[in-house]
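Each residue of the sequence shown is one higher than the one before, counting from 602 in this note's numbering.
C-beta: ideal position from N, C-alpha, C; glycine also.
Bear in mind that the values here come from a model prediction, so they are computed numbers and not experimental data.
Encoded as structure tokens, the structure appears first; notes follow it.
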Amino acid sequence: MNGIENPRLPGYLAGEVNGRKEYFMQHTLTAAIIAGGKSTRFGRNKLRETLAGKEIIDYAIQLGQQIARECIIIHGDDDDFSDKGLSHYSDVVPSCGPAGGVYTALFYAAQPWVATIPGDVPLLQPAIYEYLYENRQKNTPVVAVSHKGMEPLVAIWPRALVTNLEHFVHQRKLALHEILEALQALTIPIPDLMADYSPRLFLNVNTQEDFEQ
């Protein structure tokens, strides 16, 4: 994987659309919420739990709608998010974990770039995806690095890589870290770029204890 020595900062407001400024990012990006993970450690469907008055998945939806005009939900066969009013799709190839979710997102996305958003990380901020988008390069994924290390689902993928992901999934090569390495993903060190960075931004809810923090 390749780290960018001097990552570009967000600053790409561009063009008049319907008489007002719009982020160029919003018109070239599909936000895909990856909601197919099982909640075995939590004991029930964690994305349906309420946190500060909203279901956990609603935070991912809000983020997705902030960064992109198209926001979709990717989920397993046993899940139903039809009440959210968004296009939603079950995995093209079942039981392939996050890699299968990314492949499904690229398969259904309408835009040339796809931002994957983990459904169980409620405190992610738009600025993180702005850093990723600003540093994108043709045919190369761009992935966030937090204080914990690489965050494979906090990434922006070129939709053109859909056939690559299809190959990995059908070959049962499902470790996202290894997929990103094979695709020579660019890594963006978020703690070094955000003045107000907090480890809580990347807190994922896997247990009841996480949920209650």
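Span separating the alpha-carbon of Leu-614 from that of Ile-791: Along the sequence shown, read from residue 1 onward, the residue named residue 614 stands at position 13. Along the sequence shown, read from residue 1 onward, the residue named residue 791 stands at position 190. Here the model assigns Leu-614 a pLDDT of 37, short of 50, so the residue's position is not dependable and the matter cannot be decided.
Heavy atom of the ligand SAM within 7 Å of Asp-680 beta-carbon: This structure lacks the ligand SAM; in fact it carries no ligand of any kind.
At least three beta-carbon pairs within less than 8 Å, the stretch 759–774 to the stretch 711–721: Taking 8 Å as the limit for Cβ pairs, the verdict is that the stretch 711–721 does touch the stretch 759–774.
Extent of the continuous alpha helix (DSSP H) run through His-771: Start at 1 with the first residue of the sequence shown, and residue 771 comes out as number 170. It spans 763–771 - the alpha helix (DSSP H) in which His-771 sits, taken as one unbroken run.
Helix, strand or coil at Lys-739 [DSSP, three-state]: Taking the first residue of the sequence shown as 1, we reach residue 739 at position 138. Annotated three-state conformation of Lys-739 is coil, per DSSP.
Ala-710 beta carbon less than 8 Å from that of Ala-633: As a working note, residue 633 is residue 32 in the sequence shown. As a working note, residue 710 is residue 109 in the sequence shown. In this structure, Ala-710 lies closer than 8 Å to Ala-633 by Cβ.
Burial state of Pro-800, where buried means 16 or more other Cβ atoms lie within 10 Å: Position 199 of the sequence shown holds residue 800. Burial state of Pro-800 is exposed, judged by a 10 Å Cβ sphere holding fewer than 16 other Cβ atoms.
Chain-order list of residues whose beta-carbon lies under 7 Å from that of Met-795 (same chain, five-residue window excluded): One-based indexing of the sequence shown puts residue 795 at position 194. Result list for Met-795: Ala-728, in chain order.
Bridge-paired residues (DSSP) for Tyr-751: On the sequence shown, residue 751 is found 150 positions in, with the first residue counted as 1. Residue identity differs from the one stated: residue 751 is Met in this sequence, not Tyr. Bridge partners of Met-751: Val-746.
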